[in-house]
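Below you'll find the structure, written out as structure tokens, and then a few comments.
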Amino acid sequence: MTTIADAGEDDSTADLFDLLVLKPLARLESVWEPVNLVIDGIDQAEPGVRHLIVDAIADLVGRSELAHVRVIVGIRSGSVLEELPGLAGMRRIELFPPAPGEIARAVARHGLAGDSAWEQRLVELLQQTEAGGWLLARLLTEIGDDLPGDVAVDSRLDALVKQRIRCALDATAPAQASSIAAVLAVLAAAGSGPIMPVKLLRDAVAVLGHQLSLRGVRDIVVALGVLISRGNSGTRLEMLGLAHQDFLASTRDEAARIGVSSIEAHQNISCAVQAKAGDRAAEYARTTGVRHHLACGDSAAAVQLLANSETVRAADNRDLWAAWLPLFVETLGTAHPDCRVARFHLAHWLGETGDLNAAVIGFECLLADTAEAVGPDDVEVFLIRGCLAHWRGMSGEPQEAVAEFEFLLADCVRVLGSDHPDTLDIRDDLADWRGQSGDAVAAVGEYEQLPGTP
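With UniProt numbering applied, the sequence shown corresponds to residues 1 to 454, in that order.
Right under this line is the structure:
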């Protein structure tokens with residue numbers, strides 16, 4: 001990252017973190033009190049995004065001009081993030097969860113057992129999930145009289161979540177069950193925490209064939225109680241999601257049992273996002289749309305969304321592709337055509353931000369995988385070879401760039417013909433690098449072979 005002083009609006013090497021966070025924080029310096037910056041839940045972010053957040057935190061706390069800023073990072077215990085070098089120098093404060101006995105006494109006040117046997121059941125339940133103890137206590141008390149006495153002994157957390165859903169279903173008219181399933185499926189696809197705008201939830205459920213008003217959506221959310229996390233409740237800015245990531249699998253299963261699959265939910269969220277105008281829908285698409293496209297098998301749409309999200313800032317574009325590439329690899333595999341496109345974009349923007357060695361390595365790996373997948377004479381391979389030659393030249397090896405473009409030009413003439421547009425582009429690149437390597441005569445000779453040259 002560039003220094004704050006250099007992160008001007010016309011500096012494409014600065015990223016949005018520099019411009020929207022670091023620079024304003026530097027201007028907020030006060031002699032009276034420090035600035036407290038709280039960053040919570042980073043362990044729940046996508047792997048690529050998580051890596052960028054940790055790097056940003058490490059950069060922030062290491063800057064002398066931001067000594068007045070205190071950074072508080074919230075991470076669940078047991079997360080690998082707490083051991084990362086970028087966070088290693090931070091002071092650790094552990095917040096201990098309630099003991100099983102405290103939870104047992106809390107649920108006992110709601111008519112459930114609170115004896116030593118219950119404490120043992122709670123110990124077993126707590127070992128199955130990272131969900132907080134009080135969240136589990138609320139889950140148990142909401143189930144209330146509908147909870148069989150042995151459910152905590154014989155089942156797992158997923159059984160309790162499904163039981164809570166069935167409590168909501170039992171309390172509503174049978175015709176409403178499919179609407180509840182649609183809401184559950186969409187929220188499970190969205191993820192944990194209040195991340196989906198309530199209007200977008202309504203629109204996604206409508207694509208599934210359930211016409212609900214905002215009031216109808218909120219009535220279902222209230223009926224589901226502890227399972228749902230809400231932000232700005234009851235307002236036009238309300239955000240929704242499941243209360244915990246450990247609720248996701250059982251919620252998806254229960255929604256599918258009623259008739260709404262996870263793939264359908266992702267597809268309909270994607271449709272709702274594309275059809276919905278407005279900043280909040282656009283922001284949701286930018287932050288999570290790729291995941292929905294990949295989950296429903298539309299990887300081409302995921303690539304297009306990222307391409308459309310590129311800005312004039314090279315650093316932002318690099319971070320954009322770096323954040324999502326791990327999910328492409330996980331979902332598609334490194335050799336899939338759309339994953340190769342994502343890798344291509346990342347390697348390109350690494351070069352544009354000055355990380356020339358990383359760009360060369362990225363294109364080298366991509367070339368090997370692409371040649372194996374489509375063969376050495378495919379135009380995709382030729383494109384990657386040209387990029388690799390370019391970035392090797394930019395890395396201070398113009399003679400190597402010339403040699404690689406010579407070989408590439410010969411292959412293009414052989415496969416595509418001397419007059420093919422791609423062949424002509426490579427000849428133009430070769431002429432350029434001949435000039436940059438100091439051979440002006442050869443460069444002129446190469447340019448003279450291009451059509452339209454006087």
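Every residue gets a Cβ at the ideal spot worked out from N, C-alpha and C, and that includes glycine.
Looking at the backbone, the Cα of V205 and that of A401 are separated by about 54 Å. With a minimum length of 4 residues, the unbroken runs of alpha helix (DSSP H) contained wholly in the segment 11-84 fall at 23-27 and 47-61.
Between D158 and S250, the C-beta spacing is below 8 Å.
Here P100 carries a helix assignment [DSSP, helix/strand/coil]. Residue range M239 to L242 is occupied by the beta strand (DSSP E) that includes M239.
Beta-bridge partners of P197 (DSSP): M239. Here DSSP, grouped into helix, strand and coil, assigns I143 to helix. Our two residues, A272 and G209, have alpha carbons roughly 12 Å apart in a direct line. Membership of S179 in the alpha helix (DSSP H) is indicated by the continuous run A177 to A190.
In this structure, the straight-line span from the alpha carbon of G89 to that of D55 is close to 13 Å. Apart from the 5 residues on each side of it in sequence, V413 sits with its Cβ closer than 8 Å to the Cβ of T423 in its chain, given in chain order. The beta carbon of H266 is closer than 7 Å to those of A189, H292, A295 and C296 in its chain, skipping five residues each way along the sequence. Following the DSSP letters along the chain, one finds R230 inside the beta strand (DSSP E) bounded by residues I228 to G231. Contact between the segment 318-326 and the segment 336-356 is present: three or more C-beta pairs spanning the two stretches fall below 8 Å. Spatial neighbours of G333 in its own chain (CB-CB distance under 7 Å, excluding positions within 5 residues in sequence) are listed in chain order as C339.
Rounded to the nearest angstrom, the gap between the Cα atoms of V312 and I269 is 28 Å. Of the residues I384, L356, N357 and G354, the one whose Cα lies closest to the Cα of A368 is I384.
Within the segment 277-316, the complete alpha helix (DSSP H) segments at least 4 residues long are 279-295 and 299-309, listed from N- to C-terminus.
A direct Cα-to-Cα measurement between L201 and W391 gives close to 45 Å.
Annotation: R156 to L125 spans about 7 Å, alpha carbon to alpha carbon. DSSP, reduced to helix, strand and coil, places T251 within a helical segment of the structure shown. Between the alpha carbons of P98 and Q127 lies a distance of about 13 Å.
Beyond the five residues adjoining it in sequence on each side, Q436 comes within less than 6 Å, by CB distance, of P398 in the same chain, given in chain order. Contact holds between the segment 215-230 and the segment 158-168, because three or more Cβ pairs, one in each stretch, are under 8 Å apart. DSSP assignment within the segment 365-439 yields the following whole alpha helix (DSSP H) runs of 4 residues or more, N-terminal first: 379-394, 398-416 and 421-436. Ranked by Cα distance from V415, the options D428, V444, P376 and V360 are led by P376.
Inclusion of I103 and L136 in the CB contact set at 8 Å is warranted, their separation being smaller than that value. Exposed is the label assigned to F407, since fewer than 16 other Cβ atoms lie within 10 Å of its Cβ. Look at Q128 here: in three-state DSSP terms it is coil, with no helix or strand label. Under the three-state reduction of DSSP output, G234 falls in the coil class, being neither helix nor strand. Taking V183 as reference, the option from L346, N232 and V260 with the minimal CA-CA separation is V260.
Residues T129, E130, A131 and L157 of the same chain have their beta carbon placed closer than 7 Å to that of D246, with the five preceding and five following residues left out of the count. The three-state reading of DSSP puts Q211 in coil, since its state is none of H, G, I, E or B.
Shown here, Q449 sits in coil according to DSSP, grouped into three states, outside any helix or strand. In this model, A58 and L66 are separated by some 12 Å (Cα to Cα). Taking C-beta atoms as the reference points, L327 and V290 count as a pair closer than 8 Å.
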